Amino acid sequence: MCDITKEQVYDAISNVIDPEVGFNLVEMGLIYDAIIDDVCNVKVVMTLSTRGCPLHQMLTQWVKDAVETRVPGVKNVEVEVVWEPEWNISMADDNVKKALGAL
Amino acid sequence: MFSVSKDYAPPFGMIAPFFVIGSIFFFLGTLFLLMLDPSRGHFDPLIAGWVHWFLLGFVMMIIFGAMAQLIPVVVEVGHHSVDLYYVIWPLLLVGTLAMVAGFWAWPAVLPYGGLLVLTAMLIYLYDTLMTLRKVQNVTLTVKTAVAANLFLTTGIVVGFVMTLAIGAGVDVDISWWLGTHAVLVLGGYVVLTIMGLSLILLPMFGLAHGFDERPVERAFNLMLGGVLLHLFSTLIGFDFGRFAAIFVMIAAIGLYLWQVYLIYNVRARKENDIWARSMFFGYGSLVVAVLLAIPAAIFGSEKLILASGWFLILGFVTFLITGHLYKIIPFLVWFERYSPLVGKQRVPMLQEMYPKGMADMEFAFSATGVVVAGLGILFGLRDLYYGGVILLIVGAGFLLASVKWMLSFGKTETE
């Protein structure tokens, strides 16, 4: 049985910051789920704010690296980028909305 | 340890020359505006030379540099042969200089310059089309890229034949073909490319989602139809077809502007940074250009044609390019110098990597200059035109300084 929690995974990913907007991916609402199996393999389900994002490859790599290096006991980390549901600003935290002028 | 995948990213050293050369051409291009007299009309060799200086040396140079980076991320496949970009900018640079020399002083040089430019374009086209062949998800942006590049090639071939007429005495009616050359390059390539790219870039930077894309799809089809109608009407000598094509293209631009409004309405990011302000001014200029183009097409007034062209090139195309430079250059510099440091030390945000004060000055002087000089052209007031050009020169100086500042950001710190 694995004792890694979703909170640990989300905490690790909250260190990954999108350099374009200056917020971390968790508060942007880009992380949809973190699935942890019995042997501590982690699958992060995430999206991006736009399909043509030039940081696509880097952001997914940073998420993978962040979980691998910051969550003790993690085995394999897989990052899946999905486009459904499509991200929109309502998924972001209030501080992000306020800073961007959307609140 | 953080690692970075760079599969799609061309080397910084390969792209930087496009932006440096483009910015220098922009600055010198504004200086050369002082040599021009708008009352002499658009067939004047001085004006023709300036248009080629500006469109090839600034607009095309920057578009090609941006495309080296944007094509792979937009279509999600790597370049067919990205190393070709190392030869594109020298060919385009020398070709442009030779062409302008041909227009301004030595007509015999014109075909050689045209041939070099044509070669640069064909190399760019080869890489772009071979890259697009690998794409499985054929989006509207991909379709516009294919159509735009085919129009560019046709437009450049038409232009090359015209250089042979001027420089080598080949029997071609330049006045008949000039309009089609301009339609193919400006409408068929520059405007179509901007349409396709803005469908990616405006929502990306404005964080806009869930908007209706039908207006831009119709705009694309209309622009395609308009450019083809103009081309075939020219080939068969059908004057009314050329006249109607102008209105088809104006309708396409109207629909495109409606699309931009829809994107603007749903954007989540409402801060008015230098990018957003440049977009507002650029699209505002496009509205003015279209409003002037309608009576220009009907009455054929030289002042209206030149004023419409002024707001299209100096207002719309220029501000869309300069606004995006404040996004693209910091990203390239960040990618080159800071992405390997992510996770090891604090890295700057992209919005910290452009000089806000200089950018504000660039915008203020350039925007005022475009409006003042544009009014000078429209009303035939030479002093107003030259006054506006002076403001534009100051703005271009600030842009040049800003580009240098951005390219130097973190250079010593990360070495």
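In order, the protein sequence lines correspond to chains A and B. Quick note: my numbering has the first sequence finishing at residue 103, numbered continuously throughout. Quick note: my numbering has the second sequence finishing at residue 518, numbered continuously throughout. Glycine included, each C-beta is placed from N, C-alpha and C at the ideal position. Predicted model, so just to flag it, every value in this text is computed and none were measured.
Sequence-distant residues of its chain with Cβ nearer than 6 angstroms to residue 104(B) (five each side left out): Summary for residue 104(B): the model assigns pLDDT 36, below 50, so the residue's position carries little reliability, and this model does not support an answer.
Presumed contact (8 angstroms Cβ cut-off) between residue 506(B) and residue 126(B), rounded CB distance: Confirmed, Cβ separation roughly 4 angstroms.
Beta-carbon contacts of residue 235(B) that lie in its chain and below 7 angstroms, excluding the five residues immediately before and after: Contacts found: 178, 245, 248 and 249.
At least three beta-carbon pairs within less than 8 angstroms, the region 15 to 33 of chain A to the region 90 to 103 of chain A: Enough Cβ pairs lie closer than 8 angstroms, so yes.
Amino acids of chain A, ordered along the chain, whose beta-carbon sits closer than 9 angstroms to that of residue 209(B): Near residue 209(B) there are no residues of chain A at all, since even the closest Cβ is about 43 angstroms away, more than 9 angstroms.
Proximal residues to residue 255(B) (C-beta, below 8 angstroms), its chain only, five neighbours per side dropped: Closer than 8 angstroms at the Cβ level, and outside the excluded window around residue 255(B), lie 224, 228, 287, 288, 291 and 292.
Closest Cα partner of residue 297(B) within the set 346(B), 385(B) and 132(B): Among 346(B), 385(B) and 132(B), the Cα nearest to that of residue 297(B) belongs to 385(B).
Residue 53(A) to residue 176(B) span [Cα, whole Å]: Taking the Cα positions, residue 53(A) is about 7 angstroms away from residue 176(B).
Neighbouring residues, chain D, relative to residue 312(B) (Cβ below 9 angstroms): Note that chain D does not occur in the displayed structure, where the protein chains are A and B.
Buried/exposed call for residue 439(B), threshold 16 Cβ in 10 Å: Buried is the label assigned to residue 439(B), since at least 16 other Cβ atoms lie within 10 Å of its Cβ.
Residue 58(A) at chain B interface by Cβ criterion, 8 angstroms: Yes, contact with chain B.
Residues that residue 72(A) contacts on chain B, provided the C-beta gap is smaller than 8 angstroms: The contact set of residue 72(A) on chain B, defined by CB atoms closer than 8 angstroms, is empty, because the minimum CB distance reaches about 16 angstroms.
Where residue 241(B) falls: helix, strand or coil (DSSP): Assigned with DSSP and collapsed to three states, residue 241(B) falls in coil, not helix or strand.
Contacting residues, own chain, Cβ-Cβ under 8 angstroms from residue 310(B) (five flanking each side not counted): Contacts found: 370, 371 and 372.
Beta-carbon contacts of residue 353(B) that lie in its chain and below 7 angstroms, excluding the five residues immediately before and after: If we look at residue 353(B) and ignore the five residues flanking it on each side, its Cβ neighbours are 393, 396 and 397.
Contact set between residue 371(B) and chain A, taken where Cβ atoms lie within less than 7 angstroms: Taking a Cβ-Cβ cut-off of 7 angstroms, the neighbours of residue 371(B) in chain A comprise 89, 100 and 102, given in sequence order.
8 angstroms Cβ cut-off: residues of chain A touching residue 450(B): Neighbours of residue 450(B) on chain A, chain order: 19.
Every unbroken alpha helix (DSSP H) inside the region 21 to 79 of chain A [4 residues or more]: Within the region 21 to 79 of chain A, the complete alpha helix (DSSP H) runs of at least 4 residues are 56 to 70.
Residue 465(B) classed as buried or exposed, judged by whether at least 16 other C-beta atoms fall within 10 angstroms: Burial call: buried.
At least three beta-carbon pairs within less than 8 angstroms, the region 188 to 207 of chain B to the region 57 to 77 of chain A: They do not touch, by the three-pair rule.
Whole-angstrom C-beta distance between residue 101(A) and residue 374(B), which should lie under 8 angstroms: Correct: roughly 5 angstroms between the Cβ atoms.
Option nearest residue 295(B) by Cα separation, candidates 186(B), 199(B), 320(B) and 513(B): Answer by Cα proximity: 320(B).
Neighbourhood of residue 417(B) by C-beta, 7 angstroms cutoff - its chain only, sequence neighbours within 5 removed: So the list reads 473, once near-sequence residues are dropped.
C-beta atoms of residue 67(A) and residue 44(A) nearer than 8 angstroms: The answer is yes: Cβ separation under 8 angstroms.
Under 8 angstroms by beta carbon: chain B residues contacting residue 2(A): What residue 2(A) touches in chain B: nothing, since even the nearest Cβ is about 24 angstroms away.
Beta-ladder partner(s) of residue 17(A), from DSSP: The bridge partners DSSP lists for residue 17(A) are 24(A).
Per DSSP, cross-strand counterpart(s) of residue 311(B): Under DSSP, residue 311(B) forms a beta bridge with 370(B).
Three or more C-beta pairs below 8 angstroms linking the region 314 to 334 of chain B and the region 362 to 369 of chain B: Yes: the two stretches touch, three or more of their Cβ pairs being nearer than 8 angstroms.
The ligand GTP heavy atom lying under 7 angstroms from the CB of residue 440(B): Only the bare structure without any ligand can be found here, which leaves the ligand GTP out of the picture.
Buried or exposed by the 16-neighbour rule on C-beta atoms within 10 Å, applied to residue 172(B): By the 10 Å Cβ count, residue 172(B) comes out buried.
Beta carbon of residue 4(A) nearer than 8 angstroms to that of residue 63(A): With respect to the 8 angstroms criterion, residue 4(A) and residue 63(A) are not classified as neighbours on the basis of their beta carbons.
Segment contact flag, the region 156 to 165 of chain B with the region 488 to 500 of chain B, C-beta cutoff 8 angstroms, min 3 pairs: As far as the Cβ criterion goes, the region 156 to 165 of chain B does not touch the region 488 to 500 of chain B, which means the pair count is below three.
Straight-line gap, residue 429(B) to residue 381(B) (C-alpha atoms, nearest Å): Cα to Cα, the separation comes out at about 10 angstroms.
Chain B contact residues for residue 29(A), given Cβ-Cβ distances below 7 angstroms: The premise fails here: residue 29(A) is roughly 11 angstroms from chain B at the closest Cβ pair, so nothing lies under 7 angstroms.
Closer than 7 angstroms at the beta carbon, the chain B residues around residue 40(A): What residue 40(A) touches in chain B, judged by beta-carbon distance under 7 angstroms, is nothing: the nearest beta carbon there is about 20 angstroms away.
Per DSSP, cross-strand counterpart(s) of residue 133(A): Nothing can be reported for residue 133(A), as the shown portion of chain A is limited to 1 through 103.
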